[in-house]
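Protein chains in written order, with the numbering used here: chain A, 1 to 117; chain B, 1001 to 1115.
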């Protein structure tokens, strides 16, 4: 079975540009979450989408946006790139079992490494 | 606010020696607890999780962790490490009943296994 797939794996942008990162969840998973991992730090939560609706948002500026498509794949968009946006962007998928049914277990993709020059 | 503290940023150890990677968390609500491993240039792989029940949980690759509610700790252990265990290990918590995609991670512990 295919795991969580992300594209592109590596990309280089310059300050002020825009970037779109893509994620395909595991088949049957309806929830997608995005994380930013800066070098030397743990991942930080950016967004969660479930059934095409935003279900959670971390402490990131409005330059960051995302959406989920009917096939449950997702895009993360970052506008007006800054040097500090250089990071590994991780996507994770899961099958939410409802707030009273216990935790979801997130399965992560290999990430998209963004370098902003 | 929740937070996760991994007390050691780097842990060097010799092959076949035991290892413990420490994790403490703070939260005003009940949490679920996870350990993930990240090999160089890869994503995160789930090692083990505590959702409920027995406080001693076993994971993949011979790792285990014990949830201690009174000390708000979830330390990861392995009785005998291998060279292939060299990686970065992340402890994470998720709020019970919160956003089900929001994991809060520690800063990570780099385990370096030497021959």
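Glycine included, every Cβ here is placed at the ideal spot set by N, Cα and C. Please read all numbers here as calculations on a predicted model, not as lab measurements.
Looking at the C-beta of residue 15 of chain A, does it have a partner C-beta in chain B at a distance below 8 Å?
In the first chain, counting from the first residue as 1, residue 15 of chain A sits at position 15. Not an interface residue.
Rounded Cβ spacing between residue 47 of chain A and residue 56 of chain A (contact assumed at less than 8 Å):
The residue labelled residue 47 of chain A in the question sits at position 47 within the first chain. The residue labelled residue 56 of chain A in the question sits at position 56 within the first chain. Yes, they are in contact, since the Cβ atoms of residue 47 of chain A and residue 56 of chain A sit about 7 Å apart, within 8 Å.
If the cut-off is 9 Å on Cβ atoms, which residues from the stretch 1037-1071 of chain B count as contacting chain A, listed in chain order?
Residues 1038, 1041, 1042, 1043, 1044, 1045, 1046, 1049, 1051 and 1052.
Coil, strand or helix - residue 112 of chain A by DSSP
In the first chain, the residue the question calls residue 112 of chain A occupies position 112. In this structure, residue 112 of chain A counts as strand in the three-state DSSP scheme.
Identify the continuous beta strand (DSSP E) that holds residue 1041 of chain B and give its terminal residues.
The count along the second chain starts at 1 and reaches residue 1041 of chain B at position 41. In the DSSP assignment, residue 1041 of chain B falls outside any beta strand (DSSP E), carrying neither H nor E.
From which residue to which residue does the beta strand (DSSP E) around residue 1027 of chain B run?
Taking the first residue of the second chain as 1, we reach residue 1027 of chain B at position 27. Careful: residue 1027 of chain B lies outside any beta strand (DSSP E) and carries neither H nor E.
Any beta carbon from chain B within less than 8 Å of residue 41 of chain A's own beta carbon?
Sequence index remark: in the first chain, residue 41 of chain A carries index 41 (1-based). Yes, because at least one Cβ of chain B sits closer than 8 Å to the Cβ of residue 41 of chain A.
Tell me, please, whether the CB atom of residue 31 of chain A is closer than 8 Å to any CB atom in chain B?
Counted from its first residue, the first chain places residue 31 of chain A at position 31. Yes, residue 31 of chain A counts as interfacial toward chain B.
Closer than 8 Å at the beta carbon, the chain A residues around residue 1102 of chain B:
As a first step, residue 1102 of chain B is located in the second chain; it is residue number 102 there, counting from the start. Ordered by position in chain A, the residues that pass the 8 Å Cβ test against residue 1102 of chain B are 33, 45, 48, 56 and 58.
How would you list, in chain order, the residues of chain A whose beta-carbon sits under 8 Å from the beta-carbon of residue 1074 of chain B?
Taking the first residue of the second chain as 1, we reach residue 1074 of chain B at position 74. None at all; the shortest Cβ gap to chain A is about 14 Å.
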